[in-house]
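Scroll down for the structure; my scribbles are underneath it.
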Amino acid sequence: MSLNTVDPAEVAKFEAMAAEWWDTEGKFKPLHMMNPVRLDYITRQIAAEFGRDLTLPRPFTGLRLLDIGCGGGLLSEPMARLGAEVMGADAAEANIPVARLHAGQAGLTIDYRHTTAEALAAAGEGFDVVLAMEIVEHVADPQGFVTTCRGLLRPGGMLIMSTLNRTAKSFLAAIVGAEWVMRWLPRGTHDWSRFIQPDELCALMRTAGLDPVDRKGMVFSPVGWHWSLSDRDLSVNYAATALRR
Numbered sequence: 681m682s683l684n685t686v687d688p689a690e691v692a693k694f695e696a697m698a699a700e701w702w703d704t705e706g707k708f709k710p711l712h713m714m715n716p717v718r719l720d721y722i723t724r725q726i727a728a729e730f731g732r733d734l735t736l737p738r739p740f741t742g743l744r745l746l747d748i749g750c751g752g753g754l755l756s757e758p759m760a761r762l763g764a765e766v767m768g769a770d771a772a773e774a775n776i777p778v779a780r781l782h783a784g785q786a787g788l789t790i791d792y793r794h795t796t797a798e799a800l801a802a803a804g805e806g807f808d809v810v811l812a813m814e815i816v817e818h819v820a821d822p823q824g825f826v827t828t829c830r831g832l833l834r835p836g837g838m839l840i841m842s843t844l845n846r847t848a849k850s851f852l853a854a855i856v857g858a859e860w861v862m863r864w865l866p867r868g869t870h871d872w873s874r875f876i877q878p879d880e881l882c883a884l885m886r887t888a889g890l891d892p893v894d895r896k897g898m899v900f901s902p903v904g905w906h907w908s909l910s911d912r913d914l915s916v917n918y919a920a921t922a923l924r925r
């Protein structure tokens, strides 16, 4: 397994955009648009596995959660609001002060660190939930990364990942559409050859010693201009969950 799965060129892309994380009309507009459906998937998976009631004010109290590739904190903040003890980690150093500042303004306590999954694993950190959303397609060694994520989970812990499927449709949507036509993202943000098909991701999880238990598509409707979860359409964006038994 690679000792460090970070790809410096990929990190540099996101460092260049760090100041725009919380600009809903900026370079991270696609993530802001997708965030509600990502949160819907994440919260449902955690609540079902850990027996939590999402109608309560802080249903994730007592759970320790790691958000790998946290960026500006778009997922870390809502997880903290739901009661989880949250650590946000990012290999792009410029993201961390942005995330800390925004969390402070929101009155949230989140442990943001400029570090890697490998460094946290080497330090013996353990979590009930690890989020790795829109990151595996940017690492140098996907199998090594997933295996490291498994090492960060406590027994019975949950890994939730999302990424892009490697299909003709995803090339049209994520690269031609988002980068070339709509210009939501700078050209070159994504490399289609790095996209991972759902069966490939589940194989990575199994090889790492995890048990894949769920996967769903995240589908954008250009007509309604909104995102939704789908049991059937995983052709572009999708999320998957695995457990450490």
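In my numbering, the protein residues as written are 681 to 925.
We treat Cβ as the ideally placed atom computed from N, Cα and C, and that holds for glycine.
Problem set entry | Ile722 and Ala812 closer than 8 Å at C-beta | Locating residue 722 in the sequence shown gives position 42, counting from the first residue. Locating residue 812 in the sequence shown gives position 132, counting from the first residue. Contact flag unset, no.
Exercise. Using the C-alpha atoms, what's the distance from Ile876 back to Thr637?
Worked result: With the chain covering only 681 through 925, there is no way to say anything about residue 637.
Problem set entry | Reduced DSSP category for Ala755 - H, G, I as helix; E, B as strand; rest coil | Sequence index remark: in the sequence shown, residue 755 carries index 75 (1-based). Per the sequence shown, residue 755 should be read as Leu rather than Ala. Leu755 falls in the coil class under three-state DSSP.
For this session: Sort Thr828, Asp791, Asp891, Gly751 by Cα distance to Asn715 and report the nearest one.
Result: As a first step, residue 715 is located in the sequence shown; it is residue number 35 there, counting from the start. The residue from Thr828, Asp791, Asp891, Gly751 with its alpha-carbon nearest to that of Asn715 is Gly751.
Exercise. Which residue from Glu880, Arg846, Ala689, Met838 puts its Cα closest to that of Glu729?
Worked result: As a working mapping, residue 729 is identified with position 49 in the sequence shown. Of the listed residues, the one whose Cα sits closest to Glu729 is Met838.
For this session: In angstroms with no decimal places, state the Cα-to-Cα distance between Asp911 and Gly897.
Result: Indexing the sequence shown from 1 puts residue 911 at position 231. Indexing the sequence shown from 1 puts residue 897 at position 217. So the alpha carbons of these two residues sit roughly 6 Å apart.
For this session: Pick out whichever of Arg867, Val816, Pro892, Ser901 has its Cα sitting closest to the Cα of Arg874.
Result: Counted from its first residue, the sequence shown places residue 874 at position 194. Ranked by Cα distance from Arg874, the options Arg867, Val816, Pro892, Ser901 are led by Val816.
For this session: Could you work out which residue in Asp791, Gly763, Lys709, Val778 is closest to Ala769 when comparing CA atoms only?
Result: Residue numbering aside, residue 769 sits at position 89 when the sequence shown is read from its first letter. The shortest C-alpha separation from Ala769 is found at Asp791.
Exercise. Based on Cα-Cα distance, which residue from Val899, Arg924, Arg867, Asp871 lies nearest to Ala888?
Worked result: As a position in the sequence shown, residue 888 is number 208, starting the count at 1. Closest by alpha carbon: Arg924.
Exercise. Rounded to a whole number of angstroms, what is the C-alpha to C-alpha distance between Glu757 and Phe740?
Worked result: Within the sequence shown, residue 757 is the residue found at index 77, counting from 1. Within the sequence shown, residue 740 is the residue found at index 60, counting from 1. So the alpha carbons of these two residues sit roughly 13 Å apart.
Exercise. If you draw a straight line from the alpha carbon of Glu700 to that of Leu832, how long is it in whole angstroms?
Worked result: For the purposes of this step, residue 700 is identified with residue 20 of the sequence shown, where counting begins at 1. For the purposes of this step, residue 832 is identified with residue 152 of the sequence shown, where counting begins at 1. Across the structure, Glu700 and Leu832 are spaced so that their CA atoms are roughly 29 Å apart.
For this session: Could you tell me the distance, in whole angstroms, from the CA atom of Pro822 to the CA atom of Leu743?
Result: On the sequence shown, position 142 is the one that residue 822 refers to. On the sequence shown, position 63 is the one that residue 743 refers to. If you take the alpha carbons of Pro822 and Leu743, they lie about 26 Å apart.
Problem set entry | Delimiting residues of the beta strand (DSSP E) encompassing Phe730 | As a working mapping, residue 730 is identified with position 50 in the sequence shown. No beta strand (DSSP E) contains Phe730, which is instead part of the alpha helix (DSSP H) from 709 to 730.
For this session: Consult DSSP for Ser682 and reduce its assignment to one of helix, strand or coil.
Result: As a position in the sequence shown, residue 682 is number 2, starting the count at 1. Low confidence applies to Ser682: its pLDDT is 43, below 50, so where it sits in the model is not reliable enough to give any reading.
Exercise. What does His794 pair with, by DSSP beta-bridge criteria?
Worked result: On the sequence shown, residue 794 is found 114 positions in, with the first residue counted as 1. Residue pairing by DSSP places His794 opposite Asp770 in a beta bridge.
Exercise. In terms of residues, what are the limits of the alpha helix (DSSP H) holding Gly824?
Worked result: Taking the sequence shown and counting its residues from 1, the one referred to as residue 824 is at position 144. Its alpha helix (DSSP H) spans residues 822 to 831.
Exercise. Quick one: what's Met885 bridged to in DSSP?
Worked result: Locating residue 885 in the sequence shown gives position 205, counting from the first residue. None, per the DSSP bridge assignment.
For this session: Pull up the distance between the alpha-carbon of Arg867 and that of Val809, whole angstroms please.
Result: By one-based count along the sequence shown, residue 867 stands at place 187. By one-based count along the sequence shown, residue 809 stands at place 129. So the alpha carbons of these two residues sit roughly 33 Å apart.
Exercise. To the nearest angstrom, how far is it from the Cα of Arg738 to the Cα of Met759?
Worked result: The residue labelled residue 738 in the question sits at position 58 within the sequence shown. The residue labelled residue 759 in the question sits at position 79 within the sequence shown. In this structure, the CA atom of Arg738 is about 9 Å from the CA atom of Met759.
For this session: Mark Gly824 as exposed unless 16 or more other C-beta atoms lie within 10 angstroms of its C-beta, in which case mark it buried.
Result: Here residue 824 refers to the residue found at position 144 when the sequence shown is read from its first residue. That one is buried.
Exercise. What residues in its chain sit with their C-beta under 7 Å from that of Ala799, if we drop five residues either side in the sequence?
Worked result: If you number the sequence shown from 1, residue 799 lands on position 119. Same-chain partners within the cutoff: there are none.
Problem set entry | Distance between beta carbons of Ala779 and Gly753, contact taken as under 8 Å | Looking up residue 753 in the sequence shown gives position 73. Looking up residue 779 in the sequence shown gives position 99. Contact holds; Cβ gap of about 4 Å.
Problem set entry | Cβ-based neighbour list, Met713, same chain, cut-off 7 Å, excluding 5 preceding and 5 following | As a first step, residue 713 is located in the sequence shown; it is residue number 33 there, counting from the start. Excluding positions up to five away in sequence, the list reads Trp907.
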